[in-house]
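Residue numbers (full-length UniProt numbering): 1 to 186. Here the structure is laid out as structure tokens; the discussion comes afterwards.
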């Protein structure tokens, strides 16, 4: 006789919540997914005889990454955007980063909240082009993707290159044409 064990929905939810709970601190503190896998394996070995949830954990590198990218990141990004909308005014900073043949642009926001100045990653866009117009369009895309109001942007920050802050054709000049009161961040 073959007995097939299928966890109930509530147990499956508990397992999923446990996996996300174990992934979150690793992401928050910048641990690798290999480190995540070691932690999960250790927890399973320590508690496998005392917990049915622990026996059901299966959260290695691929699943840890999926939880971080597809569950935790959208949730915390939405929380950050809601705080920015509540604060109303914000600034945005960016800088190109190269890893191998891939160029990425992280967009970081800064805004005031009830507890003071807050900062956070808004978006991460991959684009090999690096003209002023391309960077400007990527910044607008990051702002619009999160339904932020462009007119509430108060300043931009970036490294002091001609493409970012040049006098005649730069990212800052393109923003200045749209938003005459915008400031250069330092």
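Quick reminder that beta carbons are idealized off the backbone N, C-alpha and C, glycines included. This one's a predicted model, so the numbers in the text were calculated from it and none came from an experiment.
Roughly how many angstroms lie between the CA atoms of residue i and residue j, to the nearest whole one?
i           : j           : result
residue 63  : residue 177 : 45 angstroms
residue 115 : residue 185 : 22 angstroms
residue 170 : residue 125 : 19 angstroms
residue 54  : residue 28  : 22 angstroms
residue 147 : residue 10  : 35 angstroms
residue 137 : residue 33  : 33 angstroms
Taking residue i as part of the beta strand (DSSP E), name the residues at either end of that continuous run.
i          : result
residue 28 : Where residue 28 is concerned, there is no enclosing beta strand (DSSP E), although the alpha helix (DSSP H) it sits in stretches over 9-28.
Short check: CB of residue i to CB of residue j, under 8 angstroms?
i           : j           : result
residue 145 : residue 127 : no
residue 139 : residue 89  : no
residue 132 : residue 174 : yes
residue 95  : residue 20  : no
residue 57  : residue 15  : yes
Could you tell me how far apart the beta carbons of residue i and residue j are, in whole angstroms, since I believe they sit closer than 8 angstroms?
i          : j           : result
residue 39 : residue 30  : No, residue 39 and residue 30 are not in contact; Cβ-Cβ is about 14 angstroms, not under 8 angstroms.
residue 83 : residue 118 : 7 angstroms
Quick one: give me the first and last residue of the alpha helix (DSSP H) that residue i is part of.
i           : result
residue 61  : 61-67
residue 174 : 171-178
residue 134 : 132-145
residue 39  : 33-47
ask   = Below 8 angstroms, can you find three or more Cβ-Cβ pairs linking the stretch 74-84 to the stretch 98-107?
value = Short answer: they don't touch.
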